[in-house]
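Read left to right, the sequence shown gives residues 162 to 422 (the working numbering).
Note that beta-carbon positions come from the ideal geometry of N, C-alpha and C, so glycine has one too.
For clarity, every value in this text was computed on a predicted model and none was experimentally measured.
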Amino acid sequence: MATPDDHVLAEALATQAGELLLEVRDRLVSEGAEAGDLREQGDRQAHAFLMGSLAKMRPNDAVLSEEGAGHKIHPDRSETERVWIIDPLDGTREFSEPPRSDWAVHVALAEGGLPTVGAVALPSLGVTLATGVSLGAATLSPVPERPRVVVSRTRPPAEALAVAEALAGVLVEMGSAGAKAMAVVRGEADVYVHSGGQYEWDNCAPVAVAAAVGLHTSRLDGSPLSYNHADPYLPDLVICRAELADAVLATLLDRAGPATG
162 MATPDDHVLA
172 EALATQAGEL
182 LLEVRDRLVS
192 EGAEAGDLRE
202 QGDRQAHAFL
212 MGSLAKMRPN
222 DAVLSEEGAG
232 HKIHPDRSET
242 ERVWIIDPLD
252 GTREFSEPPR
262 SDWAVHVALA
272 EGGLPTVGAV
282 ALPSLGVTLA
292 TGVSLGAATL
302 SPVPERPRVV
312 VSRTRPPAEA
322 LAVAEALAGV
332 LVEMGSAGAK
342 AMAVVRGEAD
352 VYVHSGGQYE
362 WDNCAPVAVA
372 AAVGLHTSRL
382 DGSPLSYNHA
392 DPYLPDLVIC
402 RAELADAVLA
412 TLLDRAGPAT
422 G
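Listed below in structure tokens is the structure:
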């Protein structure tokens with residue numbers, strides 16, 4: 162069972178990793194480093210910080226990290242009740258293109274496959290959104306007449322475009338998965354639909370935070386999201402305002418067509 166300290170730890174680690182990444186980026190930019198160096202060093206240093214911190218603070222928990230997917234503090238991660246699922250740098254391309262701010266740090270705890278703790282830092286904005294903190298669904302404004310559907314700048318999924326059309330919505334372009342999800346949490350967008358393939362570290366923390374403020378979270382077919390599987394591939398998700406969930410899922414199910422088999 163997650164404790165209040167788990168929520169505090171997730172928020173602190175995401176925030177501190179974000180501060181480290183800002184320092185790394187500023188230093189490398191001042192040195193004239195190439196974008197590839199920013200991506201590599203940002204990933205590596207944030208991963209090392211988070212893994213070291215969790216090994217010290219939660220030595221009995223398992224850890225799954227994008228930057229060390231084969232590394233397990235606990236030898237049997239998929240059979241472990243508590244696993245921290247982290248993305249040390251979500252949006253490496255955006256991070257390597259200063260002054261872009263649409264990148265994030267994800268720190269989550271899954272228990273029994275459910276995301277019970279989550280923190281998403283948006284370091285360039287100086288913001289960390291986390292469970293255990295009173296974010297409050299009441300802070301969200303009414304859904305606009307034309308709902309905002311957040312998508313990638315370069316490869317918006319067909320499903321998201323279909324939802325935008327069905328809702329007579331408008332597209333909002335943004336970078337990393339965490340930044341998109343937090344745009345919905347922060348009331349800057351209303352729907353995030355992803356179908357291009359993700360892994361558990363891409364969305365565990367964002368889903369935990371989104372659910373904590375009363376947003377709808379699910380797979381494209383409406384089934385629950387679950388975590389800490391032996392294969393961490395988790396290809397699709399929906400995060401949206403609860404008021405829009407029925408319409409969004411109906412559009413997606415209609416697009417998918419009748420089940421076969």
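| Query | Result |
| --- | --- |
| For the ligand SAM, any of its heavy atoms closer than 7 Å to the Cβ of M218? | Ligands are entirely absent from the displayed structure, and the ligand SAM is therefore not among its contents. |
| Please specify which runs of the alpha helix (DSSP H), each continuous and at least 4 residues long, are wholly inside the stretch 162 to 211, giving them in chain order. | 165 to 191 |
| Spell out a yes or no on whether the stretch 238 to 251 and the stretch 184 to 195 are touching, meaning 3 or more CB-CB pairs, one atom from each, closer than 8 Å. | no |
| Would you identify the three-state DSSP class for A366, choosing helix, strand or coil? | helix |
| Determine the extent of the alpha helix (DSSP H) in which E334 is found, giving its start and end residues. | Here E334 belongs to no alpha helix (DSSP H); instead the beta strand (DSSP E) covers 331 to 335. |
| Below 8 Å on the Cβ atoms is my guess for D263 versus E272; work out the distance and round it to an integer in Å. | Actually they are not in contact, since the Cβ atoms of D263 and E272 sit about 30 Å apart, beyond 8 Å. |
| I'd like the list of long-range same chain contacts for V266, defined as Cβ closer than 6 Å, with 5 residues on each side in sequence excluded. | A175, A178, G179, A282 |
| On the three-state DSSP scale, how would you describe L225? | strand |
| Can you tell me whether V312 is buried or exposed, with buried defined as 16 or more other CB within 10 angstroms of its CB? | buried |
| Among all the DSSP beta bridges, which residues are the ones paired with R243? | E272 |
| Looking at C-alpha atoms only, which residue of A344, S226, D415, L183 is the closest neighbour of W362? | S226 |
| Roughly how many whole angstroms lie between the Cα atoms of G358 and G375? | 25 Å |
| Measure the C-alpha to C-alpha separation of M218 and D167 and round it to an integer number of angstroms. | 10 Å |
| With three or more C-beta pairs closer than 8 Å as the rule, is the stretch 402 to 417 touching the stretch 243 to 260? | no |
| Just the Cα atoms here: how many angstroms apart are Y394 and V224? | 16 Å |
| Quick one: Cα of I234 to Cα of P308, how far? | For I234, the pLDDT reaches just 48, beneath the cut-off of 50, and the residue's location in the model is therefore unreliable, although a value from the coordinates is still provided. Approximately 43 Å, taken between the alpha carbons. |
| Pick out the complete beta strand (DSSP E) segments inside the stretch 340 to 405, 3 residues or longer, and give them in chain order. | 352 to 355, 377 to 379, 398 to 401 |
| Drop a sphere of 10 angstroms on the beta-carbon of D392, count the other beta-carbons inside from all chains shown, and report buried for 16 or more, exposed for fewer. | exposed |
| So, under 8 Å CB-CB, A369 and T277 are touching, yes? Tell me the CB distance rounded to an integer number of Å. | 7 Å |
| Hey, how far is the Cα of V104 from the Cα of T378? | No answer is possible for residue 104: the residues shown for the chain start at 162 and end at 422. |
| For Y353, I'd like the list of residues in its chain whose CB is within less than 6 Å of its CB, leaving aside the five on either flank, ordered along the chain. | V311, K341, A342, V345, I400 |
| How is the beta strand (DSSP E) around R309 delimited, first residue to last? | 309 to 313 |
| In this structure, does DSSP put G279 in helix, strand or coil? | strand |
| In the structure shown, what three-state DSSP assignment does V324 receive? | helix |
| For a test of the three-state rule: what should DSSP assign to L286, helix, strand or coil? | helix |
| Taking the alpha carbon of S126 as the point to measure from, which residue in L413, P165, V185, H390 has its own alpha carbon closest? | Outside the displayed span of the chain (162 to 422) sits residue 126, for which this structure offers no information. |
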